[in-house]
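J.: Okay, so the sequence shown: first residue is 4 according to the UniProt record's numbering, each after it adds one. Cβ atoms here follow ideal geometry from the backbone N, Cα and C, with glycine treated the same way. Quantities reported herein were computed from a predicted structural model and do not represent experimental measurements. Let me give you the structure first, and then I'll get to my questions.
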Amino acid sequence: SLLLEGKVAMISGAASPRGIGLATARMFARHGAKVVVLDLDEKAAAEAAASIGPGHRGYACNVADRDACQKAADRAVADFGRIDILINNAGITQPVKTLEIDPASWDRILDVNLRGVLYLSQAVIPQMKKQGGGSVACMSSVSAQRGGGILGGPHYSAAKAGVLGLAKAMAREFGPDNIRFNCVTPGLIDTDITSGKLDDAKKAEIAATIPLNRLGKADEIAGAYLFLASELSGYITGAVIDVNGGMLI
Ligand code: NAD
Numbered sequence: 004s005l006l007l008e009g010k011v012a013m014i015s016g017a018a019s020p021r022g023i024g025l026a027t028a029r030m031f032a033r034h035g036a037k038v039v040v041l042d043l044d045e046k047a048a049a050e051a052a053a054s055i056g057p058g059h060r061g062y063a064c065n066v067a068d069r070d071a072c073q074k075a076a077d078r079a080v081a082d083f084g085r086i087d088i089l090i091n092n093a094g095i096t097q098p099v100k101t102l103e104i105d106p107a108s109w110d111r112i113l114d115v116n117l118r119g120v121l122y123l124s125q126a127v128i129p130q131m132k133k134q135g136g137g138s139v140a141c142m143s144s145v146s147a148q149r150g151g152g153i154l155g156g157p158h159y160s161a162a163k164a165g166v167l168g169l170a171k172a173m174a175r176e177f178g179p180d181n182i183r184f185n186c187v188t189p190g191l192i193d194t195d196i197t198s199g200k201l202d203d204a205k206k207a208e209i210a211a212t213i214p215l216n217r218l219g220k221a222d223e224i225a226g227a228y229l230f231l232a233s234e235l236s237g238y239i240t241g242a243v244i245d246v247n248g249g250m251l252i
């Protein structure tokens, strides 16, 4: 049977053609969900939603803008009458070292990766409470656990570590409302954010250091999100799922 039949799922940062968000939107749709694609540009979000199939929606939503997050949640409720699942997936990175981080880049990285998780969660929680529950999955990273990856700077590690703390705190606070909060910590996944910036030689060099000897696929993160969104994980909250090919062994 379909894992998300009758569910409405809102996914941030889901318009990028090769990204994890759109792969997730497609997988959720295949499992019976109606999907709301959120991304910076309204046209790109709408086109991404249309590419999944009929009946899905795409809205502009800068997750770092609190009003925009509330507006997106309101539109989803107006269009579908409910929100069952939130995937806090939007994120940006910047490959710099500590001494190169200036106040503006610190703010930019923290705003999208961490503040955005708070704002979008705040926007959906009252609706989920009304409905008697929901599931929220948040995008962290192996960078949070290892103190840096290949492409994220220290501010990115800090933001993604912040996501773990924030999600756990919300898991504790909203457990009694049957709203679950969990995180995914991917290793290096083949999307524009990463391999778009790496040549084949560099990719092969990195792959050799990973026990599974390859980068991950966007669908392999979507699969973890699907598990966390569905009732298969109904008794899991405050958890962190590593999807990293063994990078932390
Ligand atoms: P991507 O660049 O393809 O997707 C990110 C999406 O977020 C884009 O569509 C972008 O337009 C959108 N976005 C950026 N700023 C936004 C904002 N302020 N509001 C709304 N949307 C915004 O990259 P991806 O690899 O699919 O990344 C998805 C998430 O996975 C990110 O949070 C990233 O940090 C995280 N992540 C990626 C990897 C990896 O190796 N690719 C590893 C660990 C974590």
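If you follow the beta strand (DSSP E) that L41 is in, where does it begin and where does it stop?
T.: Counted from its first residue, the sequence shown places residue 41 at position 38. Unbroken beta strand (DSSP E) run through L41: 37-42.
J.: Consider the C-beta atom of V38 and the heavy atoms of the ligand NAD; say whether any pair is separated by less than 8 angstroms.
T.: Residue numbering aside, residue 38 sits at position 35 when the sequence shown is read from its first letter. No; taking the cut-off as 8 angstroms, the Cβ of V38 has no heavy atom of the ligand NAD nearer than that.
J.: Are T188 and G22 closer than 9 angstroms when you measure CB to CB?
T.: As a first step, residue 188 must be located in the sequence shown, where it is residue number 185. As a first step, residue 22 must be located in the sequence shown, where it is residue number 19. Cβ distance not < 9 angstroms, so T188 and G22 don't count as in contact.
J.: Report the rounded CA-to-CA distance for Q73 versus E176, giving the unit in angstroms.
T.: As a working mapping, residue 73 is identified with position 70 in the sequence shown. As a working mapping, residue 176 is identified with position 173 in the sequence shown. Approximately 20 angstroms between the Cα atoms of the pair.
J.: Whose CA, out of V115, D245, A71, A204, lies closest to the CA of A161?
T.: Taking the first residue of the sequence shown as 1, we reach residue 161 at position 158. Of the candidates V115, D245, A71, A204, the one whose C-alpha sits nearest the C-alpha of A161 is V115.
J.: With distances taken between CB atoms, is the gap from D59 to W109 smaller than 9 angstroms?
T.: Position 56 of the sequence shown, counting from 1, holds the residue named residue 59. Position 106 of the sequence shown, counting from 1, holds the residue named residue 109. What sits at residue 59 in the sequence shown is His, not Asp. Cβ distance not < 9 angstroms, so H59 and W109 don't count as in contact.
J.: Hey, which unbroken runs of the alpha helix (DSSP H) at 4 residues or more fall wholly within the stretch 128-204?
T.: Counting only runs of 4 or more, we get 145-149, 157-177.
J.: In angstroms with no decimal places, state the Cα-to-Cα distance between I112 and E234.
T.: In the sequence shown, the residue the question calls residue 112 occupies position 109. In the sequence shown, the residue the question calls residue 234 occupies position 231. Roughly 32 angstroms separates the two Cα atoms.
J.: Terminal residues of the continuous beta strand (DSSP E) containing A12?
T.: Here the question's residue 12 lines up with position 9 in the sequence shown. Counting along the chain, the beta strand (DSSP E) containing A12 begins and ends at 11-15.
J.: Less than 9 angstroms between the C-beta atoms of L89 and I209, yes or no?
T.: Along the sequence shown, read from residue 1 onward, the residue named residue 89 stands at position 86. Along the sequence shown, read from residue 1 onward, the residue named residue 209 stands at position 206. In this structure, I209 does not lie closer than 9 angstroms to L89 by Cβ.
J.: Starting from V246, follow the beta strand (DSSP E) in both directions and report where the run begins and ends.
T.: Taking the first residue of the sequence shown as 1, we reach residue 246 at position 243. Where V246 is concerned, the enclosing beta strand (DSSP E) stretches over 243-246.
J.: When you compare only the Cα positions, how much space is there between I182 and V40?
T.: Within the sequence shown, the letter at position 179 stands for residue 182. Within the sequence shown, the letter at position 37 stands for residue 40. Going from the Cα of I182 to the Cα of V40 covers about 21 angstroms.
J.: Give me the Cβ distance between A170 and C186, rounded to the nearest whole Å; I'm assuming they're in contact under 8 angstroms.
T.: For the purposes of this step, residue 170 is taken as residue 167 along the sequence shown, with counting starting at 1. For the purposes of this step, residue 186 is taken as residue 183 along the sequence shown, with counting starting at 1. Yes, they are in contact, since the Cβ atoms of A170 and C186 sit about 5 angstroms apart, within 8 angstroms.
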